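Using numbering that gives the first Met the number 0, you'd call the opening residue of the sequence shown number 0 and step up by one each time. Beta carbons: idealized from backbone N, C-alpha and C, even for Gly. Source: prediction; values computed, not measured.
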Amino acid sequence: MKRYQALNDGIVCIDTEQHRPQMAACYLIGGDGHYAFVEAGTSLSVPGLLQTLEALGVERGMVDYVMPTHVHLDHAGGAGALLRELPNARLVIHPRGARHMSDPSQLIAGATAVYGPGAMRATYGEILPVPEARVVVAGVAPDRDFELMLGARRLQFIDAPGHARHHYAIWDEASGGWFTGDVFGLVYREFDTPDGNYLIPTTSPVQFDPEAWNATLDRLLERSPAHVYLTHYGRVDAVAALAKDLREGLVVYQRIARTNADTPDRHARIRSDLLHHHLDQLRERRHPLPAARARALLELDVEINAQGLEVWLDRQRG
Ligand SMILES: [Zn+2]
């Protein structure tokens with residue numbers, strides 16, 4: 000399988016092959032000597048990104064920006080290593096994420112707590128800091144957007160909390176689409192059917208906030224986007240229907256968390272209920288994938304989503 004796929008309007012979807020094919024994407028966007036990466040992947044994905052530039056005939060010096068949507072390591076962990084290879088590029092990052100890119104020690108500690116030290120190293124490699132001089136803070140706030148020109152291409156950034164408070168979304172005027180990181184959920188292509196995509200919420204620790212999330216979805220839909228470019232994974236076009244699925248999914252997730260809040264084996268129960276919720280939905284959709292394969296595809300996200308819901312439960316109790 001080819002590592003990258005040209006989509007529409009000068010947008011290339013690159014498979015970073017984290018964990019498995021078609022799980023995590025970076026996008027290369029632009030043209031006429033001005034390019035940007037949306038998402039940086041991990042340090043381990045850097046060689047693949049550089050090979051893609053070469054295959055497309057884009058010189059490393061033509062990359063103006065690296066734009067991770069938020070500082071979770073599957074999106075921003077590779078930023079330091081990638082910038083080292085791109086002489087003219089600057090990092091564009093949410094104000095709440097900037098200091099973590101210059102000093103990634105807290106990110107490393109946080110991810111180690113979620114994934115464990117062994118998996119952490121194997122999945123993310125070495126996390127390099129980004130020199131402060133190369134950081135552009137995208138000045139977004141609840142009441143303020145931020146704009147950047149990539150050559151002649153206008154990119155507009157909005158504050159996009161819900162999945163994480165250090166999350167922005169990028170409106171790409173040229174294609175009429177949003178780059179949404181994790182704030183439009185996950186759509187694994189293995190779950191696609193002729194009837195459409197299957198959407199999974201992503202409630203990772205530690206800043207899941209359902210109210211903020213719904214407000215972010217309102218803002219995304221305001222522009223009537225033709226496309227949404229997901230990090231996990233690829234472009235989706237049935238935007239309104241998927242937004243509805245995501246809102247409903249968030250309701251189910253909260254209910255599962257609350258139902259199990261006071262049980263002694265809370266984590267195992269939440270994880271199991273999330274898994275069965277998804278398996279039931281896939282069965283209702285008559286999805287042809289064998290249940291064992293579906294379980295394997297869902298396993299990691301269900302574990303992380305359960306952890307995030309527990310943090311949310313605890314936070315609500317103060
Ligand atoms: Zn994330």
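Counting along the chain, V136 sits inside the beta strand (DSSP E) bounded by residues 134-136. The bridge partners DSSP lists for Y34 are G29, V62.
Excluding residues up to 5 positions away in sequence, nothing lies with its Cβ nearer than 7 Å to the Cβ of E298 in the same chain. With fewer than three CB-CB distances shorter than 8 Å, the region 51-58 does not count as touching the region 69-79. Taking the Cα positions, G109 is about 29 Å away from R143. Checking the DSSP bridge columns, you'll see V235 partnered with V227. Distance between M66 and V113, taken at the CA atoms: about 24 Å.
Here the alpha carbons of S44 and Q306 stand approximately 26 Å from one another.
Pairing R294 with D279, the inter-Cα distance amounts to about 11 Å. Near ligand 1, meaning a beta-carbon closer than 7 Å to one of its heavy atoms, we find H69, H71, D73, H74, H162, A163, G180, D181, T201, S203. Around the beta carbon of A132, a 10 Å sphere encloses fewer than 16 other beta carbons of the protein chains shown; the residue is thus reported as exposed. For D8, the closest alpha carbon among the candidates A290, R234, P287 is that of R234. Just so you know, the alpha carbons of A39 and S174 end up roughly 21 Å apart. In the structure shown, G150 falls within a coil segment according to DSSP collapsed to helix, strand and coil. Shown here for S203: same chain residues with a beta carbon closer than 6 Å to its own, the five before and five after excluded, namely I303, G307 in chain order.
Between D63 and A35, the C-beta spacing is below 8 Å. In the three-state reduction of the DSSP assignment, Y252 falls in the helix class, which pools H, G and I.
One alpha carbon belongs to P116, the other to D313, and they sit about 24 Å apart.
Residues G195, N196 of the same chain have their beta carbon placed closer than 7 Å to that of A237, with the five preceding and five following residues left out of the count. Assignment of R292 by DSSP, reduced to helix, strand and coil, places it in the helix class.
Counted as a single uninterrupted DSSP element, the stretch harbouring I126 is not any beta strand (DSSP E), since DSSP gives it neither H nor E. Distance from the CA of T111 to the CA of R164, rounded to the nearest whole angstrom, comes to 20 Å.
I255 is the residue among H166, I255, W311, V91 whose C-alpha sits nearest the C-alpha of S271. Here R153 is exposed, its C-beta having fewer than 16 other C-beta atoms within 10 Å. For L149, the CB contacts under 8 Å within the same chain, skipping 5 residues up- and downstream, are I28, G29, H33, Y34, A35, D63, Y64 in chain order. In the displayed model, A168 falls within a strand according to three-state DSSP. Contact annotation: the region 211-226 does not touch the region 261-268, with fewer than three C-beta pairs closer than 8 Å.
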